[in-house]
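S.K.:
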Amino acid sequence: MERTSPQVHRIITLSSGLSRGSNLLAIHRYFQKENLPIQIAYAVFTNSQAQAIANANAEGISSLVIPIRDPQLFEERVLSLIKTQDISLVALCGFMKKVSADFIRKAGVPILNIHPALLPKFGGKGMYGTAVHEAVFKAGEKLSGATVHLVDEEYDRGAIIRQESIDIGFCSSPEMIASAVLEIEHKIYGPSIRQILLSR
Ligand code: GRF
């Protein structure tokens, strides 16, 4: 059952490097299309050159750049944002860095990640971006997909919230797998956040 209270859940997203930002836009559009009381308060980027910043701003999403040269300082600044801005969830959207156990504990809100494979397969250190799809392709998998999971102190290991698979038997390259999987990512991330914030 979903809450009927008008409370708006404010979330932040974290994206590192030259992030593309497609999941960020997909969740934002999902919240709007479904008229949900969930709002991206800030999209946080570690790199001011990320193309995703312009895309986010164009859709009315407030963005913030917090450099990650000093990871501890980065975490302190994000924690301060969480506390002062009444943030109820953190969604990693192309955030390729590990967050510390201390950060997870102090954040005190769910932290979600989306991974472009069917965890627990094809996850862990170094398994991100094209490396994932190349490994899936090399292994001759007939299915791949995406996984939304809670973040803990190990890469890609936290409790699975939602997972959906797609037939990749027709894919003749890792790039084809990546694009099939991306469609699944865009489909499941928004509903997963909704499930965490609005379901009892
Ligand atoms: C996605 O493939 C996601 O699974 C992974 O990082 C990528 C981010 O892509 N964690 P985008 O910036 O959302 O387009």
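In terms of our numbering, the sequence shown opens at residue 21 and continues consecutively.
Where a beta carbon is used, it is the ideal one built from N, C-alpha and C, also for glycine.
1) For Ala74, does the three-state DSSP call read helix, strand or coil?
2) Have a look at Thr66 and Leu93 and give me their C-alpha separation to the nearest angstrom.
3) State yes or no: is the C-beta of Ile153 within less than 7 angstroms of the C-beta of Gly143?
4) How do the region 152–167 and the region 66–78 stand: do at least 3 beta-carbon pairs fall below 8 angstroms, yes or no?
5) In the DSSP output, what is Arg30 paired with across the bridge?
6) How close, in whole Å, do the beta carbons of Gln183 and Leu138 come, if the pair is a contact with beta carbons under 8 angstroms?
7) Are the CB atoms of Gly114 and Ser39 nearer to each other than 7 angstroms?
8) The beta strand (DSSP E) that contains Val168, what's its start and end?
9) Flag this pair as yes or no: are the beta carbons of Ile188 and Ser212 separated by less than 7 angstroms?
10) In whole angstroms, what is the alpha-carbon distance linking Gln105 and Lys162?
11) How about Glu205 and Ala179: are their beta carbons less than 7 angstroms apart?
M.R.: The short version:
1) helix
2) 12 angstroms
3) The amino acid at residue 153 is misidentified as Ile; the sequence shows His. Going by C-beta atoms, His153 is not nearer than 7 angstroms to Gly143.
4) no
5) Gln59 and Ile107
6) 6 angstroms
7) yes
8) Leu163 to Leu170
9) no
10) 44 angstroms
11) no
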